[in-house]
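First to last, the protein sequences are chains A and B.
This note's numbering puts the first residue of the first sequence at 1, with every later residue one more than the last.
This note's numbering puts the first residue of the second sequence at 1001, with every later residue one more than the last.
Structure first, commentary second.
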Amino acid sequence: MSHVFVLMLLRETRLMFRRPAELVNPLVFFAIVIALFPLAVGPESQLLQTLSPGLLWVAALLAVLLSLDGLFRSDFEDGSLEQWVVSPHPLVVLVLAKVLAHWLYCGLALVMLSPLLALMLGMPVDRIPTLLLSLLLGTPVLSLLGAVGAALTVGLKRGGILLALLILPLYIPVLILGSGVIQAALQGLPTAGYLLWMATLTMLTLTLAPFAIAAGLRISVGE
Amino acid sequence: MSEAYLEIVDLACERDWRLLFEHLQVSVKPKDMLQVSGPNGSGKTSLLRLMAGLMRPTAGDVLIKGVSIHQQRNELATNLLWLGHAAGIKGLLTAEENLMWLAALHHGATREQIWQALAAVGLAGFEDVPCYTLSAGQQRRVGLARLYLDAPALWILDEPFTALDKQAVTQLELHLAQHCDNGGMVIFTTHHYIQHTPETFRELDLGQAAV
Chain A
1 MSHVFVLMLL
11 RETRLMFRRP
21 AELVNPLVFF
31 AIVIALFPLA
41 VGPESQLLQT
51 LSPGLLWVAA
61 LLAVLLSLDG
71 LFRSDFEDGS
81 LEQWVVSPHP
91 LVVLVLAKVL
101 AHWLYCGLAL
111 VMLSPLLALM
121 LGMPVDRIPT
131 LLLSLLLGTP
141 VLSLLGAVGA
151 ALTVGLKRGG
161 ILLALLILPL
171 YIPVLILGSG
181 VIQAALQGLP
191 TAGYLLWMAT
201 LTMLTLTLAP
211 FAIAAGLRIS
221 VGE
Chain B
1001 MSEAYLEIVD
1011 LACERDWRLL
1021 FEHLQVSVKP
1031 KDMLQVSGPN
1041 GSGKTSLLRL
1051 MAGLMRPTAG
1061 DVLIKGVSIH
1071 QQRNELATNL
1081 LWLGHAAGIK
1091 GLLTAEENLM
1101 WLAALHHGAT
1111 REQIWQALAA
1121 VGLAGFEDVP
1131 CYTLSAGQQR
1141 RVGLARLYLD
1151 APALWILDEP
1161 FTALDKQAVT
1171 QLELHLAQHC
1181 DNGGMVIFTT
1191 HHYIQHTPET
1201 FRELDLGQAA
1211 V
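Take a look at the structure:
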């Protein structure tokens, strides 16, 4: 069972690196959106600093959403999904590996890029660890919840907009907590409570979402 | 007389408010070969997908050894090789990588076995070429190479002969017949006329079964 998990990760890694454009897409989107804000809002560093938690979180969230539409699309079209469903291995395990790969090459990459963009927005260096921690706990939630939506909409011709409508409301709690942590850190308030709540959300989605994703895929394949 | 392995009981299928078939009864036992035929849109693919447990029937049930497949997913999964319209071949992966992964979803296979299987379908020398560079017929062969690996007993194949040349069609017909002779079961759809069939060959015409 764990063997298949590792093989799935390997397969996704191969596919990802043979399509570098898709790997870079969310990162470029994230960087450009953040770079556009100082141009639109003006170069007042105090204002940008106040806005920075929200900006970083919304941009990261949209970058993840952008990459989600294609998450299961090609597997659906070339029949891979059918093969997973009829395989004796539990679909939940396969799906978890798939989403983990998505998080590694999209979510984690965004986390790595975020300190640079945070500095661009004038965030103090000593607040960067909090930002990293909040994104590190939050992006898996974005990937997992998003994958539920992607699984349900994969069979539709234009699932993209429906995916956004389905998923964005579910992102609200993690968005509030995620930007809340950084906001609190900027004001010198304790952040442990926020971070614990975020960790709870992460664990909750990590344990429950794979079952929802697997069920969604079964429905999409069965249509 | 061995008892039926896979049984279809009073099966009905409805797609988009259209009834494709109803009261369908078929049973498949080891060594059987069943060709599902009928005009386009008569529900051939739907029937195969129902048998593979990918879809839920509108009415009736699909049984394996007398028990519904939805109550024993694993029993079907360990004994089934499903090859749909799209065979699950990734264009970006090489033939070998594709087969390695598809085999790993079932029993797994060694590199030598995969190379042998690829050679058996006439793709020797194409092992490490990305599949998107192969022709449609060659891509089909990559999918069919799974039939030459250590394969499960029940094969459900949707249009396995499309895009194959004459020689490959004959080879595949013989291979299917041989699998049945060895105690396997094959259920497939095709519009070809099958020349090499085992004695147990039967045809299920959905065009006549439908009302």
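The beta carbon of each residue, even a glycine, is placed where N, CA and C say it ideally should be.
What does residue 15 of chain A reach in chain B if we use C-beta pairs closer than 9 angstroms? Neighbours of residue 15 of chain A in chain B, taken as residues whose beta carbon is under 9 angstroms from its own, are 1090, 1092, 1093 in chain order.
Grouping DSSP H, G and I as helix and E and B as strand, with all else coil, what is residue 1028 of chain B? It is a strand residue.
Mapping DSSP to helix, strand and coil, what is residue 1195 of chain B? Assignment of residue 1195 of chain B by DSSP, reduced to helix, strand and coil, places it in the coil class.
Positions along the region 64-80 of chain A whose CB lies within less than 8 angstroms of some CB in chain B: Taken in chain order, the members of the region 64-80 of chain A whose beta-carbon sits within less than 8 angstroms of a beta-carbon on chain B are 74, 77, 78, 79, 80.
Going by CA-CA distance only, name the one from B:1041, B:1199, B:1008, B:1103 that's closest to residue 1078 of chain B. The residue with the shortest Cα to Cα distance from residue 1078 of chain B is B:1103.
Measuring alpha carbon to alpha carbon, tell me which residue in B:1028, B:1171, B:1098 is nearest residue 1143 of chain B. Ranking the options by Cα distance to residue 1143 of chain B, first place goes to B:1098.
Between residue 1101 of chain B and chain A, is there a C-beta pair that is closer than 8 angstroms? Output row for residue 1101 of chain B: interface = yes.
Helix, strand or coil: how does DSSP classify residue 1016 of chain B here? Residue 1016 of chain B falls in the coil class under three-state DSSP.
Measuring CB to CB, does residue 1059 of chain B end up less than 8 angstroms from residue 1004 of chain B? No. Outside cutoff.
What in chain B is Cβ-close to residue 7 of chain A, meaning under 7 angstroms? Under the 7 angstroms cutoff, chain B gives 1101, 1104.
Is there at least one non-hydrogen atom of the ligand NAP closer than 7 angstroms to the beta-carbon of residue 222 of chain A? Ligands are entirely absent from the displayed structure, and the ligand NAP is therefore not among its contents.
Quick check on DSSP: helix, strand or coil for residue 63 of chain A? Here residue 63 of chain A sits in helix by DSSP.
Determine the chain B residues that contact residue 85 of chain A at a beta-carbon separation under 7 angstroms, and present them in chain order. Within chain B, the residues whose beta carbon sits less than 7 angstroms from that of residue 85 of chain A are 1054, listed in sequence order.
Cβ of residue 1211 of chain B within 8 angstroms of any chain A Cβ: Residue placement at residue 1211 of chain B is poorly supported in this model, since its pLDDT is 43, which falls under 50; the coordinates still yield a value, given next. At a cut-off of 8 angstroms between beta-carbon atoms, residue 1211 of chain B makes no contact with chain A.
Does residue 19 of chain A come out as helix, strand or coil in the three-state DSSP assignment? Three-state result, residue 19 of chain A: coil.
Looking only at its chain, what residues have a beta carbon closer than 8 angstroms to the beta carbon of residue 1037 of chain B, apart from the 5 residues adjacent to it on each side? So the qualifying residues of the chain are 1044, 1189, 1190, 1191, 1203, 1204, 1205, 1206, 1207.
Using 8 angstroms as the limit for Cβ to Cβ distance, is residue 1001 of chain B near chain A? With a pLDDT of only 43 at residue 1001 of chain B, under the threshold of 50, the placement of this residue in the model should not be trusted; the figure read from the coordinates follows. Residue-level contact by beta carbon fails for residue 1001 of chain B and chain A, as no gap is shorter than 8 angstroms.
From the DSSP secondary-structure annotation, give me the bridge partner or partners of residue 1035 of chain B. The bridge partners DSSP lists for residue 1035 of chain B are B:1188, B:1203.
Taking only beta-carbon positions, decide if residue 82 of chain A is within less than 8 angstroms of chain B. Chain B contact via Cβ: present.
Simplified DSSP assignment, three categories, for residue 1061 of chain B: It is a strand residue.
Counting only Cβ pairs nearer than 8 angstroms, list the residues of chain A close to residue 1085 of chain B. What residue 1085 of chain B touches in chain A: 79.
Kindly provide the ranges of any alpha helix (DSSP H) runs that are 4 or more residues long and lie completely inside the region 135-192 of chain A, ordered along the chain. Here the runs fully enclosed are 159-186.
Please tell me whether residue 1096 of chain B has its Cβ less than 8 angstroms away from any Cβ of chain A. Residue contact check for residue 1096 of chain B against chain A: no CB pair falls below 8 angstroms.
Need the endpoints of the alpha helix (DSSP H) that residue 84 of chain A sits in, please. For residue 84 of chain A, the uninterrupted alpha helix (DSSP H) run begins and ends at 80-86, by DSSP.
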